[in-house]
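Single-structure report; data block below.
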Amino acid sequence: MVQVSRYQLILMLIWTVLGTGIVTMPGTIAQFTLRDAWVAAFGLLLGAVMCSLVSLAHVRLFPGRSLTQAAIDVLGPVLGRMFGIWYLAYGFITMATIGREMSAFIGISVLPNTPDFLLSAIAFAVSMYLAYLGIEVVARVNEFIVPLAAVVSPVLFLLAARLFDASPFQPLLGDPAGAAWHAAVVPAFAYGLEFSIALQWVPALRSPRTLPWDILIAGAISAFVLSALVTLTVGVLGDPARYLNYPVLELVRAIRQGKFVERLDTLYVMGVAITLVLKLAALQLAVGEAVKDVSRSPERTWIPIPVALLGWSLSNYLFRNVFDVTNFILRDVPGYFLLTVVLLPGALYALRTAQMVRTKRPRRLQNT
Amino acid sequence: MSLEQDILARRAAEVAKQIAKRLEPCPDLRVQPWSTQRDTGVAVWLEGLVDADKLQEALLALRDSGGPRGRREIPRPGVATEEVGTLSAAVRAVLDGCAVIVRDGASSAEAWRLDRVPARSVDRSENEPTLHGPQEAFIESLSVNLAMVRKRLKSPRLKIETFTIGETSPCQMAILYEEGVVKSDLLREVRRRIAQIRVDYVADINEVREFINDPRFSVFPTTEETERPDRVVAGLMEGRVAMITDGSPTCLMVPVTFAMNLSSPEDYYMHYSLALPLRLLRHLMFWSSVLLPALYVALLTYNQDLLPTPLLVSVAAQHSGIPFPTVIEALGMMVAFEALREAGTRLPRAVGQSVSIVGTLVIGDAAVRAGLVSPGMVIIVSATGVASFTLPALGLVQAARLLQFPFVMAAGLFGLYGILMLGIALLGRMASLRSFGVPYLAPVAPNITRDMKDVIIRAPWWMMQGRPRQFEPVERDRVPRHTAGKWRRGRRWRP
Amino acid sequence: MTKWVTVSKRQRAITAALLCAALATGCDYNDIDHLYIATGMGVDRQEGHVALSMDLVQPGGAGNPATGGSASTQGNAPDWIVSAAAPTFEDAMGALQAKLSHSLYLQHNAIVLFSKGALRDFTMIADALERNRQLRRSQLWVVTPTSAEEVLRGATGQSEPVSLVIRDLVDEASRREACLASDELHVVKALLRPSGVAPLAVVGEGPDGSPEIEGLAYLRRDGRVDVVDRARLLDNAWWLGRTFDVRQTVAWSEGGRQAFVGVHWLRTSTRLAVDGPRVHPTVRVVWRGTGEVERWQANEKMSAESFAGLEESICKDVKHRLAEALDHARAVDMDAFGLANACAEHGMNLSEGDWKRIRVVYDIEAHIVHGQLASTTPFANDAKGGGD
Amino acid sequence: MTSVWAVLWAVLAALVDFRRWVPGSWREWLAWFLLTSLAIGVAIAADLHWWPKLGPLHLLDLAFSGPSAWLYGGQGVLQEE
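Residue numbers (our numbering), protein chains in the order written: chain A, 1 to 368; chain B, 1001 to 1495; chain C, 2001 to 2388; chain D, 3001 to 3081.
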């Protein structure tokens, strides 16, 4: 019996959101505001709250069922599959986005001469292997990474904090509220809503009832970490944070401690690569579950390969360059994700409630 | 063989002839007729396996007593007896080191266990040496080994079940466990897997290990092998199952986790504060014995930016003029080092040590002087070797030796990125392994906080009142709670 | 148990291919001895061309115990300089690479040495440097009044690559005057802020050819440079932040007679605070210093009272120095001390040139901790010395 | 008897376990075929540099840039680099 504990779930969610979060979010936030960047990072919490509400409804109405299973339950095999396919498209596009972000990031920062598709192919292959091994293994790898991250990231934080300078934040909350909101949209709707992939993992959870609470905890921790990171980035880099693609990478590049610690950015890139692979694996698990439900298959071992293959080729095809990715995330993702993981499931649950009320009412009458 | 042939003949001489025919040619078979006032018969045994003096004594006693009439009437001072009813059983008994006593006119014979199987005496542990603590090690005799365990664990709940495995050459095998502590599912699983073993003969417990292993091809040891009775007893008290086969000085214990492979019995015999740095060191050394050459290759060929400038300049200076690419250089050196290491173990002990030392020094130095290998590479490869020597579990050493090669290749392909990706895949693989149901990376992943006090740190004994939860022991506490109450609160004896 | 499979030819081929593939190397494979490691870069301007000089490490050089005597063709120096000129920065890099037999490796570049002339095209070069991911963000940007190439070439033959020597020089100096830490991050950050002026360390060729710190240069975003020599370095450094371990000679008038007291500042700090109305703000310069007396040439006995008197005259002196530095900055039209920044942090965006009209008040407090050593030496009273 | 190649192959098969990667029922085959053919088609399209004017990304953009802009606060405030 595959079961994921609460601790593992929270860790998986945190890595899932922060995986790309630490790469791109500081950059997208800094495009809108510098002074209020630390506030904007808490937009993530907004997304977490929305996901938590959705999952609250989900675990009440469909204990032990994944989102796609729930859709098939409510809408029937045909319409339910349609929803499943819509959800699959969402999963694949997200996967492609992450894959493209990752290959671009690694290509730019450590392996400039290696073709991007090769870099993403390796990452997809490894994450496919993890997804193949199952959610339990992915959860354990997440757990294993934690002590390492717990040692390495504070060191990077402290080393960078020497260069910190509070002047970019003064006067406090000096930017108009609109700018802060614009900056918060992407963390809230593009990254915060990614917490919802936990709905696909529900069948494997040890205690699905606590899922909303776990999402909130994970959201709070990620928002806090992200805010600290954004604060540090803006404080150290100052104005240049506006035009740099990967501000955190530049932050780490700036670290110099004596003659021995001079360039740590490769280490940071490697750390990010780990989290990205874990994120890819987590998404593939969710998508694989959807494929399994849509094709009504009892097995899941055949799924990872085609899923990873499609994710990989889409990541090469959909986004021709990095700007496509940034544009997509900034322009389309907020609305797209809001519809797919909040509004549509919301409608689903409303429908279910209506169904239940309709079926329960006669029964109650009989009872009384 | 048909049933008819398997029946013992009524005439003892005929039986002896039949046995001899089965074993022929067999110069060490001895047949000696005996007689009492009432009976006559022969004794059949293999010379060398049977204690001849004892046998003659027993035969003498037999003659005085009037011969075997029934089992109970024969006085056999100090001799264990078994009845054998068939010819093949009689043959097996002879091969097993018994003297078979056949009586004329009887339908069954008796096997007298008078074995004097050649065996060495109990000695110090060679493969798992420690400075402190008990020193003795198992030998190749099952009964002696069991006695050594019994000697340490005087618990009535210590249970020993025996099995016979091996089609051609049957071999006694025992499983040991502490009843009331061990999880019953674990025990059932062990029995089930042992029942499935199909093998002609058992040379060493390794055959058992490979048959009952969880993953078929994993390089990681998912069973613990030890030659130390003290370690076995400690394992039994944690709710694990031990297996000993006759003829092997190694005991197998299941389940085992990755972290346990990095703990040495020494950790428990020293002051607990010393265990922390040593265990940290071993964890570090395991990973460096896997990754060090790969990291060196990656740093030299892809990620030079990670090296501090002075170090980079010095490494570049060392490397200038070396005709090979770094990957080839690394692989070549690693192969050479493995060859030296193998030579060191295979050669007679007196020569072996000098070969490995002289080989590393002389050949390494010559290679550096000739400009074939850079000094840095020699340092790295030998540091890798030294790192692997710090690991207490031999199985893990072999795993590290194997794994360093793919990692170097990955480093040659994609630098640090390649190492990292292979590393994650390896981690996934390790996380998916189980040893008799226990996740291999426990208690780190999945996280079992209570058990963390014996992973990197070794908590003082008075804090380890509970048995490791990862093995799901039936009795969770080593000492019943009411007696342990005051210790549990962390109070200790004060004068 | 184990079910053996019979293996077809195709599977055999796949296995063999996988085994062989494991021995290949990737696209970014770049062995360490096929690199020319650059530790420093000099930027000059030659008749509209950008001239780049690279300080390349020579691994076989004298500084390396590893190779010992095996000297290469360029002699025994730890480094050698290659120069090339081209109309743009990128072309110059290309031209440089064309002269080198291995690829140029920039990731260990420690300094960029600009000549004063090169800074006129500063924006173009800075953009190229800022966008080049191979270069470190922590590399130092340093100015030389003469030619960068000469500074680099003048010093080869030491035991360490010259650019590392320069880096250590600047590092050491920036431990005393924090404003000299002119790494790329700080310079770019300063240039992008409202004041738009960044301080850079100035390095020149000393009398024996080895580099030395010559002072401080202010660089404005448009490429204008103003060099402050070593004599006025302290005044400016006090404006620009912390100093540690600096020495000052204070003229102390005592009953009509002049005396000189040597003060050793253990640490000083300066910050700007903006007060007053939004229309006419006042910038308060808060200067705090902790020091000890190193030379005591006054006739008066050392006492708490005389220390109080001393602190007063120190305040006057510091204020004078700061005011002078500000006057100079105003004269050359460079908001070197970040008055506009301070106002912006206070929520006021000044228009061009407004910073000159801001009222500046000085809030200076010196704290002399002790000076026993200075007064107890037998030669204390006889020692002659003057202020500078 | 087993050959060396069979052993190597078995090791590989145990490590990557590809025999379990094959779909079982016709539904699984259908889903497998759809996903894989889509993946191959897309990969070929990328290799041939065939990006239609109205690609999937543009469709998404058409559909969702409006709602996203609404989330941003009503008007098209999106800055592009």
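Think of the CB as a built atom: it goes at the ideal place given N, C-alpha and C, for glycine as much as any other residue.
Three or more C-beta pairs under 8 Å: does that hold for the segment 1037-1047 of chain B against the segment 1095-1115 of chain B?
yes
Given a cut-off of 8 Å on the beta-carbon distance, is the pair Gly178 of chain A and Gly3073 of chain D in contact?
Counting from 1 along the first sequence, the entry for residue 178 of chain A is found at position 178. Counting from 1 along the fourth sequence, the entry for residue 3073 of chain D is found at position 73. Yes, these two residues count as a Cβ contact at 8 Å.
Which of helix, strand or coil does DSSP assign to Cys2179 of chain C?
Looking up residue 2179 of chain C in the third sequence gives position 179. Helix at Cys2179 of chain C.
Using a Cβ-Cβ cutoff of 7 Å, what residues of the segment 86-111 of chain A are near chain B? List them in chain order.
Ile106, Val110, Leu111
Would you mind giving the Cβ-Cβ distance between Thr2243 of chain C and Ala2178 of chain C, rounded to the nearest angstrom? I have them listed as a contact below 8 Å.
Mapped onto the third sequence, residue 2243 of chain C falls at position 243. Mapped onto the third sequence, residue 2178 of chain C falls at position 178. That pair is a contact at about 7 Å.
In the structure shown, what three-state DSSP assignment does Phe224 of chain A receive?
As a first step, residue 224 of chain A must be located in the first sequence, where it is residue number 224. Three-state DSSP puts Phe224 of chain A in a helix.
In or out: Tyr977 of chain B buried (at least 16 other Cβ within 10 Å) or exposed?
The structure shown does not extend to residue 977 of chain B, since chain B spans only 1001 to 1495, so no value can be given for it.
Per DSSP, Cys2315 of chain C is paired with what?
Working through the third sequence from its first residue, we reach residue 2315 of chain C at position 315. Its beta-bridge partners do not exist; DSSP assigns none.
For a cutoff of 8 Å on Cβ pairs, would you count Ala3063 of chain D as touching chain B?
Taking the fourth sequence and counting its residues from 1, the one referred to as residue 3063 of chain D is at position 63. Answer no: the Cβ-Cβ gap between Ala3063 of chain D and chain B never drops below 8 Å.
Can you have a look at Ile3044 of chain D and say buried or exposed, based on whether 16 or more other CB atoms are within 10 angstroms of its CB?
In the fourth sequence, the residue the question calls residue 3044 of chain D occupies position 44. It counts as exposed.
Within 10 angstroms of the Cβ of Thr2039 of chain C, are there 16 or more other Cβ atoms? Answer buried if so, exposed if not.
Taking the third sequence and counting its residues from 1, one reaches residue 2039 of chain C at position 39. The residue in question, Thr2039 of chain C, is buried, as its Cβ has 16 or more Cβ neighbours within 10 Å.
Can you list the residues of chain C that Gly238 of chain A reaches, using a CB-CB cut of under 8 Å?
Numbered from 1 along the first sequence, position 238 holds the residue referred to as residue 238 of chain A. By Cβ distance, chain C contributes Lys2189, Leu2192, Arg2193.
Please compile the residues from chain B whose C-beta is within a distance smaller than 9 Å of the C-beta of Phe260 of chain A.
Mapped onto the first sequence, residue 260 of chain A falls at position 260. The answer, in chain order, is Pro1308, Pro1310, Leu1311.
Alpha carbons only, please: which of B:Ala1336, B:Glu1178, B:Arg1434, B:Phe1211 is nearest the one belonging to Met1377 of chain B?
Indexing the second sequence from 1 puts residue 1377 of chain B at position 377. Met1377 of chain B has its Cα closest to that of B:Ala1336, out of B:Ala1336, B:Glu1178, B:Arg1434, B:Phe1211.
Does DSSP classify Ile1175 of chain B as helix, strand or coil?
Position 175 of the second sequence, counting from 1, holds the residue named residue 1175 of chain B. Strand, per DSSP.
Of the residues that make up the segment 1199-1221 of chain B, which ones have a beta carbon closer than 7 Å to any beta carbon in chain E?
Looking for chain E here will not work: the only protein chains present are A, B, C and D.
So, does the CB of Gln1404 of chain B fall closer than 8 Å to a CB anywhere in chain C?
Here residue 1404 of chain B is taken as the residue at index 404 of the second sequence, counted from 1. So no, Gln1404 of chain B is outside the interface.
Between the beta-carbon of Thr414 of chain A and the beta-carbon of Gly84 of chain A, is there less than 8 Å?
What is shown of chain A runs 1 to 368, which leaves residue 414 of chain A out entirely.
Answer yes or no: do Gln2107 of chain C and Gln1304 of chain B have a C-beta to C-beta separation smaller than 8 Å?
Position 107 of the third sequence holds residue 2107 of chain C. Position 304 of the second sequence holds residue 1304 of chain B. Against a cut-off of 8 Å, the Cβ pair of Gln1304 of chain B and Gln2107 of chain C comes out as a contact.
Count the other CB atoms, across all protein chains shown, that sit within 10 Å of the CB of Asp1477 of chain B; report buried if there are 16 or more and exposed otherwise.
Sequence index remark: in the second sequence, residue 1477 of chain B carries index 477 (1-based). Classification for Asp1477 of chain B: exposed.
Considering just the uninterrupted stretch of the alpha helix (DSSP H) at Glu101 of chain A, what are its terminal residues?
What you label residue 101 of chain A is simply residue 101 of the first sequence in a count that begins at 1. Here the alpha helix (DSSP H) through Glu101 of chain A covers 67-109.
Give the interface partners of Gln170 of chain A over in chain C, defined as CB-CB distance under 7 Å, in chain order.
Stepping through the first sequence from its first residue, residue 170 of chain A is reached at position 170. Per Cβ cutoff of 7 Å: Glu2345.
Inside the segment 117-195 of chain A only - alpha helix (DSSP H) runs reaching at least 4 residues:
135-161, 177-185
Return the CA-CA distance between Leu1340 of chain B and Pro1446 of chain B, expressed in angstroms with no decimal places.
Here residue 1340 of chain B refers to the residue found at position 340 when the second sequence is read from its first residue. Here residue 1446 of chain B refers to the residue found at position 446 when the second sequence is read from its first residue. Leu1340 of chain B and Pro1446 of chain B: Cα-Cα distance of roughly 39 Å.
Alpha carbon to alpha carbon, how far is Ile29 of chain A from Asn2236 of chain C? Give it in angstroms, no decimals.
As a working note, residue 2236 of chain C is residue 236 in the third sequence. As a working note, residue 29 of chain A is residue 29 in the first sequence. Approximately 36 Å between the Cα atoms of the pair.
Applying the criterion that 16 or more other CB atoms from any shown protein chain within 10 Å of the CB defines a buried residue, is Met128 of chain A buried or exposed?
The sequence position of residue 128 of chain A within the first sequence is 128, counting from 1. With 16 or more Cβ atoms within 10 Å of its Cβ, Met128 of chain A is classed as buried.
Three-state secondary structure (DSSP) of His2102 of chain C
Position 102 of the third sequence, counting from 1, holds the residue named residue 2102 of chain C. His2102 of chain C: coil per DSSP, three-state reduction.
Any idea what DSSP makes of Lys2189 of chain C, helix, strand or coil?
As a first step, residue 2189 of chain C must be located in the third sequence, where it is residue number 189. If DSSP states are grouped into helix, strand and coil, Lys2189 of chain C belongs with the helices.
So with CB distances below 8 Å, who are the chain C contacts of Ser120 of chain A?
Taking the first sequence and counting its residues from 1, the one referred to as residue 120 of chain A is at position 120. Chain C residues near Ser120 of chain A: none, gap ~14 Å exceeds 8 Å.
Taking Asp1204 of chain B as the reference, give the member of B:Thr1250, B:Ser1125, B:Arg1429, B:Ser1218 with the closest Cα.
Taking the second sequence and counting its residues from 1, one reaches residue 1204 of chain B at position 204. For the residues B:Thr1250, B:Ser1125, B:Arg1429, B:Ser1218, the minimum Cα distance to Asp1204 of chain B belongs to B:Thr1250.
Kindly list the residues whose CB is nearer than 7 Å to the CB of Leu2035 of chain C, restricted to its own chain and excluding five residues on each side of it in sequence; keep chain order.
Residue 2035 of chain C sits at position 35 when you count from the first residue of the third sequence. For Leu2035 of chain C, where only same-chain residues beyond five positions count, the Cβ hits under 7 Å are His2102, Ser2103, Tyr2105.
Using 10 angstroms around the beta-carbon of Trp181 of chain A, count the other beta-carbons present and answer buried if the total reaches 16, otherwise exposed.
Numbered from 1 along the first sequence, position 181 holds the residue referred to as residue 181 of chain A. When all chains shown are included, Trp181 of chain A counts as buried.
When the Cα atoms are used, what is the spatial distance from Ser2303 of chain C to Leu2266 of chain C?
As a working mapping, residue 2303 of chain C is identified with position 303 in the third sequence. As a working mapping, residue 2266 of chain C is identified with position 266 in the third sequence. Each residue's Cα considered, the two are about 20 Å apart.
Assuming Ala2085 of chain C and Pro2194 of chain C form a contact by the criterion Cβ under 8 Å, report the distance between their Cβ atoms to the nearest whole angstrom.
As a working mapping, residue 2085 of chain C is identified with position 85 in the third sequence. As a working mapping, residue 2194 of chain C is identified with position 194 in the third sequence. No, Ala2085 of chain C and Pro2194 of chain C are not in contact; Cβ-Cβ is about 36 Å, not under 8 Å.
Under 8 Å, Cβ to Cβ, is there at least one residue of chain C near Leu3008 of chain D?
Position 8 of the fourth sequence, counting from 1, holds the residue named residue 3008 of chain D. Closer than 8 Å to some Cβ of chain C, the Cβ of Leu3008 of chain D qualifies, so yes.
Would Val357 of chain A be called buried (16 or more neighbouring beta carbons within 10 Å of its own) or exposed?
By one-based count along the first sequence, residue 357 of chain A stands at place 357. So Val357 of chain A ends up on the exposed side.
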